[in-house]
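Scroll down for the structure; my scribbles are underneath it.
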Ligand code: UDP
Ligand code: MG
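Residue numbers (this note's numbering): 104 to 413.
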């Protein structure tokens, strides 16, 4: 039985060694293991550290991207290249406690295909992160067709059969969290409290979080497109009612007519705004189709300990 642990890492030089030590410690009973770091185009010396670790112990591997492709792509790459009987994904910053892994493996051996984790206590999480994360889960669950539990990050164990489904999916920019919820299988949840980051600062900028959330929502729902139909209909109906009112006033109460600058301006701006908004929504989906049609790879590997010989 082989255990794979995959870890996306972007400029995590201060965390790689402590995490590896911790993993070696908690996985002492699983000598047949693979610890695979995916270096997402780090600009610090993460890669050198990984090369050194690989030389010391070839169960520690790395894949290094040609540039920063983003956490979700790194995760996908890890799943694509892991060869264990189960694949555990986690963050590099020790916010996901490695001590939980033996319990996850135990549950997997009991027959669960997916063992996922939920963060309950959030001492290590900042106020802004809490608010934006809560908003994201709320929106995602209202708008999309999959249900995501708040606080379920990418710290989970997948049986190799589940990992294979992901490997074989051709969806570009796969939103792993949503896809897993959508897949089904026998799932088990373990809760934990998140520790503060061990070293460095969060690699998820506001821009990255926004793009992550937009991708998540538009990957799993066409409801935003339907909203445009509903909003469009409501606004047209209101405009029609207003037109009727204007005609009535014109015909029967001409003395009441006032130059209607304000109302014209307000309605033009309002409708213009709504149109732009939904053009944006359309554009988002069109962009997705465009990216999918190009079939461009989600990530490019510059070098890796796995591909060294090919
Ligand atoms: N990460 C990555 N590429 C990125 C951003 C983040 O591989 O472009 C990794 C990062 O190194 C970490 C994990 O994704 O292992 C989660 O990122 P982070 O801890 O910064 O996010 P947060 O915990 O603040 O949500
Ligand atoms: Mg983190």
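The C-beta atom is built at its ideal place from N, Cα and C for all residues, glycine as well. Please read all numbers here as calculations on a predicted model, not as lab measurements.
With 16 other Cβ atoms within 10 Å as the buried cut-off, status of residue i
i           : result
residue 281 : buried
residue 388 : exposed
residue 150 : buried
residue 393 : exposed
residue 182 : buried
residue 85  : It is not possible to answer for residue 85, since the shown part of the chain is limited to 104 through 413.
residue 395 : exposed
residue 405 : exposed
residue 220 : buried
residue 126 : buried
According to DSSP, residues forming a beta bridge with residue i
i           : result
residue 142 : 112, 167
residue 220 : 293
residue 406 : 167
residue 137 : 107
residue 279 : DSSP lists no partner for residue 279.
residue 261 : 190, 217
Contact test: residue i Cβ vs ligand 1 heavy atom, cutoff 7 Å
i           : result
residue 450 : With the chain represented from 104 up to 413, any question about residue 450 goes unanswered, as that position is not in the structure.
residue 196 : yes
residue 115 : yes
residue 143 : yes
residue 111 : yes
residue 174 : yes
residue 148 : no
residue 318 : no
residue 135 : no
residue 342 : no
residue 177 : yes
residue 171 : yes
Distance cut-off 7 Å: residue i Cβ against heavy atoms of ligand 2
i           : result
residue 280 : no
residue 305 : yes
residue 300 : yes
C-beta contact flag for residue i and residue j at 8 Å
i           : j           : result
residue 300 : residue 256 : no
residue 270 : residue 215 : no
residue 168 : residue 187 : no
residue 115 : residue 177 : no
residue 423 : residue 332 : The structure shown does not extend to residue 423, since the chain spans only 104 to 413, so no value can be given for it.
residue 217 : residue 109 : no
residue 147 : residue 211 : no
residue 129 : residue 201 : yes
residue 165 : residue 408 : yes
residue 152 : residue 120 : yes
residue 203 : residue 122 : no
residue 296 : residue 224 : yes
residue 112 : residue 142 : yes
residue 401 : residue 276 : yes
residue 320 : residue 243 : yes
Whole-Å CB distance - residue i paired with residue j, under 8 Å assumed
i           : j           : result
residue 179 : residue 249 : Wrong, their Cβ atoms sit about 17 Å apart, outside the cutoff.
residue 191 : residue 106 : 7 Å
residue 302 : residue 173 : Contact doesn't hold; Cβ gap of about 21 Å is too wide.
residue 324 : residue 247 : 4 Å
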